[in-house]
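S.K.: Residue numbers (UniProt numbering): 1 to 583.
For each residue, glycine too, the CB sits at the ideal point set by N, CA and C.
All of these numbers come straight from a predicted model, not from anything done at the bench.
1. Going residue by residue through the region 83-129, where are the continuous beta strand (DSSP E) segments of at least 3 residues, counting only ones entirely within it?
2. Exposed or buried, residue 524, counting other C-beta atoms within 10 Å across all chains shown (16 or more means buried)?
3. Which value, in whole angstroms, describes the spacing of the CA atoms of residue 233 and residue 308?
4. Tell me, which residues are paired with residue 262 by DSSP?
5. Are at least three pairs of beta-carbons, each pair with one atom in the region 17-35 and one in the region 267-283, less than 8 angstroms apart?
6. Where does residue 662 fall in DSSP's three states?
7. Give a yes or no on whether the C-beta atoms belonging to residue 283 and residue 312 are separated by under 8 angstroms.
8. Closest to residue 332 by CA distance: which of 306, 292, 353 and 360 is it?
9. Quick check on residue 245: does DSSP put it in helix, strand or coil?
10. Whole angstroms are fine: how far does the CA of residue 83 sit from the CA of residue 226?
11. Within a Cβ cutoff of 6 angstroms, which residues of the same chain sit near residue 521, ignoring the five residues on either side of it in sequence?
12. Quick one: which unbroken alpha helix (DSSP H) runs of 4-plus residues sit fully inside the region 386-423? Chain order, please.
13. Verify whether the separation of the beta carbon atoms of residue 368 and residue 574 is less than 8 angstroms.
14. Specify the secondary structure class of residue 8 as computed by DSSP and reduced to three states.
15. So, for residue 425: in the same chain, excluding its five sequence neighbours on each side, which residues have a beta-carbon less than 6 angstroms away from its beta-carbon?
16. For the structure I just gave you, are there three or more beta carbon pairs, one from the region 160-172 and one from the region 135-152, closer than 8 angstroms?
17. Ordered along the chain, which non-local residues of its own chain (more than five positions away) have a Cβ less than 7 angstroms from that of residue 603?
18. Quick check: residue 371 and residue 570, are their CB atoms within less than 8 angstroms of each other?
19. Are residue 95 and residue 8 closer than 8 angstroms when you measure CB to CB?
20. Name the two residues that bound the continuous beta strand (DSSP E) containing residue 71.
21. For residue 527 and residue 553, I'd like the C-alpha separation in whole angstroms.
22. Could you give the first and the last residue of the continuous alpha helix (DSSP H) run that contains residue 29?
23. What do you reckon, are the CB atoms on residue 215 and residue 137 nearer than 8 angstroms?
24. Check each candidate in 63, 50 and 250 and name the one with the smallest Cα separation from residue 86.
25. CB residue 555 to CB residue 387, shorter than 8 angstroms?
26. Put residue 530 into one of helix, strand or coil per three-state DSSP.
27. Quick check: what's the CA-CA separation for residue 498 versus residue 518?
28. Beta-carbon within less than 7 angstroms of residue 532's beta-carbon, same chain only, minus the 5 sequence neighbours each way: which residues are those?
29. Compare the Cα-Cα distances from residue 584 to each of 183, 63, 420 and 38 and report the closest residue.
30. Flag this pair as yes or no: are the beta carbons of residue 135 and residue 379 separated by less than 8 angstroms?
31. Could you tell me whether the Cβ atoms of residue 327 and residue 64 are closer together than 8 angstroms?
32. Return the first residue and the last residue of the beta strand (DSSP E) that residue 34 is part of.
33. Within 10 Å of its beta-carbon, does residue 105 have 16 or more other beta-carbons around it, so buried, or fewer, so exposed?
34. For residue 551, tell me which candidate among 241, 391 and 429 has the shortest Cα-Cα distance.
35. Where do the ends of the alpha helix (DSSP H) carrying residue 275 lie?
36. Note down, in chain order, each residue of its chain lying with its Cβ closer than 6 angstroms to the Cβ of residue 297, except the 5 sequence neighbours on either side.
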């Protein structure tokens, strides 16, 4: 369990404050995470890493000289939002472009991808690298689908040292892909973790057993067995990883590797050393030379009991950067020349928060949009527990919590925008940013995309009409399918969004009022959500437990259907109020 916290909802923010206070000589806090507090080389590539909180030393502890320039930090086990990543990247930018590096999880891919596009649109060169080292999460033929776990450390270390050495963005990106390709990890779990304020673990492993290949958020492993002796675990790790020697290397014997034995939160260092004792023997027997091994905690899962072994198959370039000095709060190697601290003036970042001018008609419409956002919150709060239960069947059970966090942020921002006389479009777009920012995760990113698309279609000059709303929903559908990569039949919210959008557009084109068209589309959404019950998931964390989810509808599809039906009720109430006002 977690013993020391104040309000669970404040835990992530408070841990960042404390971390910065303890490491002010190396890092400073910015909106969305941390960046170096020391001066970097002008023109060098900025390495920005990130992911959910709860994995310390990843990600904040790996910011410093010879390591990352910044880390975007989401809520516990939730990806940072695109806005958070953008904020950190802007603060970390040295004029040489930005490499965004992160573990390969759906929410992170979405949010980092959106931040990358925004940076590029503003003239900042940017590239992406999703780490895919976890051999248990997909076959070698589908390496791009693998999760990122403790191999994050090796990849981040290589690209950061390359940036420090003056590599261009193109060269850093090439090296990032090369390092990722040569990095392999395998983990085990003995028990789950309990987040602040929770009464039970986020996930569980049967007492006395070990889950082989379980992910750092409780994603399913490949098998379970009784907890073995330390030597047997070491043999299991090495056996599986040696089978994954990159094809271009050929014979493993005689090769050099970096080895990282990583504790996931509750396994003590002494236990790790017992395991590494046998790992070192086995690697030597296999004819491998281990270069500067690391044993400790590098990518954890809060207080999860477990461990992982990572092997990085080195060449001269990778070995040079693995050995390079570094001085971050949680990772030190060799000796660095201490960088000059930034001046007090340089630590202050300008804040821009202007509300665009809006017509009187759009400001009046913003009141209706605010009512719709509040109605969305009501239905999410009402069904939060149910959505979590549905998601837990084959996922991690946090869909309801994430949706509630997101819509709470959206309502707060919508109220603020209304008080500042924003137009309907700006109100909804700012609410979308807040939703994505507060929710994190895949659903946060997708709802941010959807509401931004609709808000952009509404604009700030005219009152919304049926055609403009239908166009916004169509753009939301296109945006979600572009960023999320899901299609109809994958058992996601796309299975509801596509027929909803198509029905809405068809009825509007046929001359229906917005209320009537929305009603027909909402009915279709309900049917489509129910139809996901018999589908097999092909995307996201539910994919490895595909068969288990058959018979249960997709949580994202259900939440979307609930929301569009609740919006119809709100539209009906607004229509009746207007009619009563006329009479």
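M.R.: According to the data block:
1. 98-103
2. buried
3. 10 angstroms
4. 296 and 308
5. no
6. For residue 662 there is no data in the structure shown, the boundaries of the chain being 1 and 583.
7. no
8. 292
9. coil
10. If you draw a straight line from the Cα of residue 226 to the Cα of residue 83, it is about 44 angstroms long.
11. 500, 503 and 504
12. If we require 4 residues or more, the alpha helix (DSSP H) runs fully inside the region 386-423 come out as 399-419.
13. Result yes, Cβ atoms of residue 368 and residue 574 sit closer than 8 angstroms.
14. If DSSP states are grouped into helix, strand and coil, residue 8 belongs with the helices.
15. 455, 458, 459 and 460
16. no
17. Summary: the structure shown does not reach residue 603, with the chain confined to residues 1 through 583, and so no result is reported for it.
18. yes
19. no
20. Unbroken beta strand (DSSP E) run through residue 71: 70-76.
21. 11 angstroms
22. Premise fails: residue 29 lies in the beta strand (DSSP E), 27-30, not in any alpha helix (DSSP H).
23. yes
24. 50
25. yes
26. Secondary structure at residue 530: helix, using DSSP grouped into helix, strand and coil.
27. 14 angstroms
28. 491, 495, 553, 554 and 557
29. Outside the modelled stretch of the chain, which goes from 1 to 583, sits residue 584, for which no answer is possible.
30. no
31. yes
32. Bounds of the beta strand (DSSP E) holding residue 34 are 33-36.
33. Flag for residue 105 reads buried.
34. Ranked by Cα distance from residue 551, the first of 241, 391 and 429 is 391.
35. Boundaries of the alpha helix (DSSP H) around residue 275: 269-285.
36. 263
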